[in-house]
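Below is one structure, written out as structure tokens, with a few remarks after it.
Residue numbers (my numbering): 736 to 816.
Below, the structure is given as structure tokens:
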């Protein structure tokens, strides 16, 4: 069953320009292509979020951190010689 959505004049004009360019033959083709790209983007974002969560957990599991002041003091000592 076809659906109807209000997308505003900006996107309506974009769709019309794409059809006029000959790249697409209908508004439905433009919308389907845009939704495919959106779907791919969402899938990539989900993968990136999972990677980030995994890296955060790896960091947590690696043990206690070192205070930044300790690191900076060691670097200062090392390079001030």
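Using N, Cα and C, we set each Cβ at its ideal position, and we do this for glycine too. What you are looking at is a predicted structure, and each value in this text was computed from that prediction instead of being measured.
- prompt: Considering only residues of the same chain and omitting the five flanking positions on each side of residue 801, which have a CB-CB separation below 7 Å?
  reply: Closer than 7 Å at the Cβ level, and outside the excluded window around residue 801, lies no residue.
message: Tell me which residue opens and which closes the alpha helix (DSSP H) that residue 754 is part of.
response: Per DSSP, residue 754 belongs to the alpha helix (DSSP H) from 743-755.
- prompt: With burial defined as no fewer than 16 other Cβ atoms inside 10 Å of the residue's Cβ, what is the status of residue 765: buried or exposed?
  reply: Flag for residue 765 reads buried.
Limits of the unbroken alpha helix (DSSP H) element including residue 804: Per DSSP, the unbroken alpha helix (DSSP H) holding residue 804 starts and ends at 803-814.
Where residue 798 falls: helix, strand or coil (DSSP): DSSP places residue 798 in coil when its eight states are reduced to three.
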